[in-house]
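Structure first, commentary second.
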């Protein structure tokens with residue numbers, strides 16, 4: 071059986087984190103919550119739900135993901151697959167089985183859970199998220215011939231391929247960096263349609279004007295950086 075580990079970056083997700091952890095399927099060998107400087111009960115609730123909890127005081131989605139990867143790299147039991155999912159309960163954790171299926175059944179390297187319109191709850195994505203996704207995926211198609219339709223955070227990747235990407239973004243550009251580097255490294259990839267609902271709590275990125283602007287700038291910067299390489 072494949073060794074599957076889940077990394078969940080979490081900043082003030084006390085009301086949702088236990089639900090995410092508890093609804094992940096039993097095929098997961100370890101759930102790793104990276105506490106990204108939370109001021110609520112995220113840590114306590116994660117531990118009570120059975121997760122391994124790490125601390126990354128430097129705020130940033132990428133910082134948290136890199137912290138989780140560093141922890142995994144030091145373990146003796148190397149995973150076959152790493153899954154990333156948000157801690158806000160906007161995804162359906164039980165769909166992890168569907169997200170990893172192309173890797174297990176078809177030997178695909180990288181899978182994105184695509185939040186397609188017909189499976190999205192009304193209001194689950196902000197207008198700026200929808201526009202940003204369309205723009206970013208259009209640009210990646212134009213520059214690189216990519217077939218991505220989403221920058222969805224619910225994603226699975228073979229662990230050895232993840233290491234090959236040498237991920238470095240510390241904040242908002244993590245997801246698009248992974249997708250761009252997957253193209254550059256010629257990884258096989260696919261998308262799996264996933265359901266998406268309104269998150270618990272307020273988004274730290276799309277829920278604020280500042281967050282939306284900085285996320286948009288970072289995503290576009292990564293795309294244009296790679297387009298001229």
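In my numbering, the protein residues as written are 71 to 299. Glycine included, C-beta positions come from ideal geometry on N, C-alpha and C.
If you draw a straight line from the Cα of residue 170 to the Cα of residue 104, it is about 21 Å long.
Taking C-beta atoms under 8 Å as the contact rule, residue 269 and residue 159 qualify, at a distance of about 6 Å. Contiguous beta strand (DSSP E) elements confined to the segment 108-182 occur at 122-125, 151-154, taking only those with 3 or more residues. Around the CB of residue 217, fewer than 16 other CB atoms lie within 10 Å, so the residue is classed as exposed.
DSSP lists 181 as the beta-bridge partner residues of residue 260. Annotation: residue 187 is outside any beta strand (DSSP E) and is labelled neither H nor E by DSSP. Between the segment 253-260 and the segment 195-208, the count of Cβ pairs shorter than 8 Å is below three; the stretches do not touch.
With a contact defined as Cβ atoms closer than 8 Å, residue 87 and residue 130 miss out at about 18 Å. Its Cα nearest to that of residue 291, the residue 245 stands out among 245, 97, 271. Residue 263 and residue 213 have their C-alpha atoms spaced approximately 24 Å apart. 8 Å or more divides the Cβ of residue 220 from the Cβ of residue 132. By DSSP's assignment, residue 78 forms a beta bridge with 103. The DSSP-derived three-state label of residue 255 is coil. Between the C-alpha atoms of residue 283 and residue 242 there is a straight-line separation of about 10 Å. The Cβ atoms of residue 97 and residue 78 lie no closer than 8 Å to each other. Counting C-beta pairs closer than 8 Å gives fewer than three between the segment 117-130 and the segment 226-237, which falls short of the contact rule. DSSP places residue 97 in the coil class of the three-state scheme, outside both helix and strand. Distance between residue 190 and residue 165, taken at the CA atoms: about 14 Å. In this structure, the alpha-carbon of residue 141 lies about 31 Å from that of residue 206. Straight through space, the alpha carbons of residue 285 and residue 73 are spaced by roughly 32 Å. If you draw a 10 Å sphere on the C-beta of residue 185, you find 16 or more other C-beta atoms in it, and that means buried. As DSSP reads the structure, residue 225 sits in a beta bridge with 154, 182.
Residue 117 and residue 92 have their alpha carbons spaced roughly 11 Å apart.
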